[in-house]
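Per this note's numbering, the sequence shown runs over residues 45 to 125. C-beta: ideal position from N, C-alpha, C; glycine also. Quantities reported herein were computed from a predicted structural model and do not represent experimental measurements. Structure first, then comments.
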Amino acid sequence: MPGNINQHHCARCGSIAKPRCARQGHMEQCKIHNVYHNSRSECVRCKEQEKREEREKRRAREKEGKKANRKADPNNKENTE
Ligand SMILES: [Zn+2]
Ligand SMILES: [Zn+2]
45 MPGNINQHHC
55 ARCGSIAKPR
65 CARQGHMEQC
75 KIHNVYHNSR
85 SECVRCKEQE
95 KREEREKRRA
105 REKEGKKANR
115 KADPNNKENT
125 E
């Protein structure tokens, strides 16, 4: 197994990305995760986090949706003002 998955190879230098690569625009550094990623793509960890958050949001929305549906039920007297 390769050692550090945080270290991406710089496409320009062909070696492990260094702070210099970020400075010269070869790579971008994610300020959140402190990892280098290709400037044309997002930070892998941010993507993963985004996906996870989306999934959690969706799950929360589904829960909320069920509640909302119950309220929107015309047979529910709570819904009548
Ligand atoms: Zn570089
Ligand atoms: Zn990140």
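- A heavy atom of ligand 1 is found nearer than 7 Å to the CB of residue 56.
- Uninterrupted alpha helix (DSSP H) stretches at least 4 residues long and entirely within the stretch 72-118 occur at 88-116, given in chain order.
- Membership of residue 65 in the alpha helix (DSSP H) is indicated by the continuous run 63-67.
- With 16 or more other Cβ atoms inside 10 Å of its own Cβ, residue 61 counts as buried.
- Residue 71 is positioned such that its CB atom lies closer than 8 Å to that of residue 83.
- In the structure shown, residue 52 falls within a coil segment according to DSSP collapsed to helix, strand and coil.
- Look at residue 65: its beta carbon is at least 7 Å from all of the heavy atoms in ligand 2.
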